[in-house]
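Peer 1: Before anything else, here's the structure in question.
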Amino acid sequence: MTEQRPIIPSGGRHIAIVGAGLSGSALAWHLARLSGDKTLRISLIDPRPEPGRGLAYSTPDPDHRLNVPHTRMTLDTSEPDHYAHWLQSGAAPAFAADALRPDGAIFTPRAVFGAYVLAHLQPFLDAGRIVHLQSRAVSATRAAGLWQIGLEDGRVIRADELVLAATHPGPGLPRGLEALAGTPALIADPYLPAALDGIDPEEELLIIGSGLTGADIVASLMRHNHKGRIRLLSRSGRRSQPHGPVQDESSADFTLDPPGTALALLRRIRAELAIAAEAGLTWHPVFDRLRSQGPQIWAALPLPERRRLLRHLRGLWDIHRFRIAPQTHASLLAAEQSNQLIALAGRVTGLERDGARLRISLRLRRGGALRFTADRVILATGPAHGAVTATNPLYADLAHQGLIATDPLGLGLSATTEGEAIDGKGQPQSDLLIAGPLARAAVGELMGVPEVTAWAERLAAKLAQAPVSA
């Protein structure tokens, strides 16, 4: 007979949050602050040694910076300067002086923001209001109106509500690189601890992905005095844009008669960019307004137009929306000017072993082909959110039961605009919620800290008002 695994009793209402990065931790923090029920138990289930950091804010590399100034980072949308005040309080760990820019903006290492999140969780952890269960959730079933959540270490957790907040799966392997899977010649996840430590300074590298992850990798390599040639490849060749000067806000209002098609939205954006230029503004304030009004813009678009928008305009949106920290941008420019860094637009069409090296063939975007040798390939394509039900064991289990489904746009999981997971039959579930970027198909923009924080506040308010299970 198989021994029954122990079940941790809830001892009152219990909310289990799977994932203790920013999405899960912000939700737990707001819920603990909002709830008047002192018997409420909140569990953060995550295998990392500390909650609050997650993938993005665990990196110890000082060149992995926040990509926005400190004044735009906060756990509390009612206090925009929440992070800035914490930095000034003396509680923050030390960081290099080059984080401070001449205009007063501070682009701190991401680990500092992780320390900030943990510092605000800590009082609730110490009081037992929030409990960190250091394990991985691998299964979940409903039984008698409660969730039974199986952990990798054999424990089973009973909860009234389950929140899915493990948001960043690893990158998918691009076509043509299958032969490198599992070999030292491929660094599949550059954010893993010591992922870049085994690279010899003389190695020639191919980085696939020219967004912020690729930029982080280049900055880290340059700080460690890498000497070898670095090629930065993406299909479009586009790169994350730098921040603009301090300037007035745009007066654009995309919520007035919001466009109902991707083409109409593009025309509206172009018109607002022209108005901004006439007023002496750069494109930055217009895109800031697009971001802040994103949910209303998204809501006005029917599904086919959302799909068209993603297919044709997502690349342009990403490079203007996800801006690069000035220090990182300067590192890339210096590497390019010395001809050590070469940016390429195209795709891999062939890969062969050439002794200990790799012979790589590319089809270039503007026509023609290129062949070169490299010692290693580094993936910087970002999380494969659309494949999350295949790569996360808990999500795979829930999908197999028909309790969750990939959203129609492949951005994450199907959810309502209130964060309720939509099951395989199209029904929302009030006791199964989705926190963070995996719910972005419901609202359009849910990747940055301001949006993740606002979403956490919304879910916390919903959960705090929910009735206790019978």
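When the letters of the sequence shown are read in order and numbered with my numbering, they come out as residues 341 to 810. Beta carbons are placed, not taken as given, at the ideal position from N, Cα and C, and that holds for glycine.
Assign Trp638 to one of three DSSP states: helix, strand, or coil.
Peer 2: Counting from one through the sequence shown, the residue named residue 638 turns up at place 298. Here Trp638 sits in helix by DSSP.
Peer 1: Please return the same chain residues whose Cβ sits closer than 8 Å to the Cβ of Pro389, not counting the five positions on each side in sequence.
Peer 2: For this step, residue 389 is matched to residue 49 along the sequence shown. The answer, listed in chain order, is Gln474.
Peer 1: Specify, as a first and last residue, the run of the beta strand (DSSP E) that Asp771 falls within.
Peer 2: To locate residue 771, count along the sequence shown from 1; it is residue 431. From DSSP, the beta strand (DSSP E) with Asp771 extends over Pro768 to Ile774.
Peer 1: Looking only at DSSP bridge pairs, what is Asp694 linked to?
Peer 2: Here residue 694 refers to the residue found at position 354 when the sequence shown is read from its first residue. DSSP output for Asp694 lists Arg697 as bridge partner(s).
Peer 1: So what does DSSP say about Gln474, is it helix, strand or coil?
Peer 2: Here residue 474 refers to the residue found at position 134 of the sequence shown. Coil, per DSSP.
Peer 1: Starting from Arg571, follow the beta strand (DSSP E) in both directions and report where the run begins and ends.
Peer 2: By one-based count along the sequence shown, residue 571 stands at place 231. Arg571 -> beta strand (DSSP E) spans Ile570 to Ser574.
Peer 1: If we count Cβ pairs, one from each stretch, closer than 8 Å, do we get three or more for the region 376 to 395 versus the region 457 to 469?
Peer 2: They touch, by the three-pair rule.
Peer 1: Run through DSSP, which three-state label would Ile744 get?
Peer 2: Translated into positions along the sequence shown, residue 744 becomes position 404. Three-state DSSP puts Ile744 in coil, outside helix and strand.
Peer 1: Any idea if Arg450 is buried or exposed, counting beta-carbon neighbours within 10 angstroms, 16 or more meaning buried?
Peer 2: On the sequence shown, residue 450 is found 110 positions in, with the first residue counted as 1. It is buried - the Cβ of Arg450 has at least 16 other Cβ atoms within 10 Å.
Peer 1: According to DSSP, Thr756 sits in a beta bridge with which residue or residues?
Peer 2: In the sequence shown, the residue the question calls residue 756 occupies position 416. Paired residues: none, contrary to the question.
Peer 1: Using 8 Å for Cβ pairs, my map puts Ile700 next to Leu465. What's the rounded Cβ distance?
Peer 2: As a working mapping, residue 700 is identified with position 360 in the sequence shown. As a working mapping, residue 465 is identified with position 125 in the sequence shown. In fact, because the Cβ distance is near 48 Å, the residues do not count as touching under 8 Å.
Peer 1: In the DSSP assignment, what are the bridge partners of Ser375?
Peer 2: Your numbering for residue 375 matches position 35 in the sequence shown. In DSSP, Ser375 forms no bridge with anything.
Peer 1: I'd like the span of the beta strand (DSSP E) that includes Trp487, first residue to last.
Peer 2: Translated into the one-based positions of the sequence shown, residue 487 becomes position 147. From DSSP, the beta strand (DSSP E) with Trp487 extends over Leu486 to Leu491.
Peer 1: Taking a contact to mean a Cβ-Cβ separation below 7 Å, would you say Gly686 touches Arg663 in this structure?
Peer 2: As a working note, residue 686 is residue 346 in the sequence shown. As a working note, residue 663 is residue 323 in the sequence shown. Going by C-beta atoms, Gly686 is not nearer than 7 Å to Arg663.
Peer 1: Please state whether DSSP places Val717 in a helix, a strand or coil.
Peer 2: Here residue 717 refers to the residue found at position 377 when the sequence shown is read from its first residue. Strand, per DSSP.
Peer 1: Whole angstroms are fine: how far does the CA of Ala670 sit from the CA of Trp487?
Peer 2: Looking up residue 487 in the sequence shown gives position 147. Looking up residue 670 in the sequence shown gives position 330. Whole-angstrom Cα-Cα distance: 50 Å.
Peer 1: Using a Cβ-Cβ cut-off of 6 Å (strictly less than) and excluding sequence neighbours within five positions of Gly490, which residues of its own chain qualify?
Peer 2: Position 150 of the sequence shown holds residue 490. So the list reads Val478, Ser479 and Val496, once near-sequence residues are dropped.
Peer 1: Mind pulling the beta strand (DSSP E) runs of 3 or more residues that sit fully within the region 509 to 568?
Peer 2: You should have 545 to 548.
Peer 1: In whole angstroms, what is the alpha-carbon distance linking Gln433 and Ala368?
Peer 2: Taking the first residue of the sequence shown as 1, we reach residue 433 at position 93. Taking the first residue of the sequence shown as 1, we reach residue 368 at position 28. This sequence places Pro at residue 433; Gln is not what is there. Taking the straight line joining both Cα atoms gives about 23 Å.
Peer 1: Just to confirm the assignment: which complete alpha helix (DSSP H) runs, minimum length 4, are found wholly within the region 396 to 473?
Peer 2: Runs of the alpha helix (DSSP H) inside the region 396 to 473: 422 to 428 and 450 to 467.
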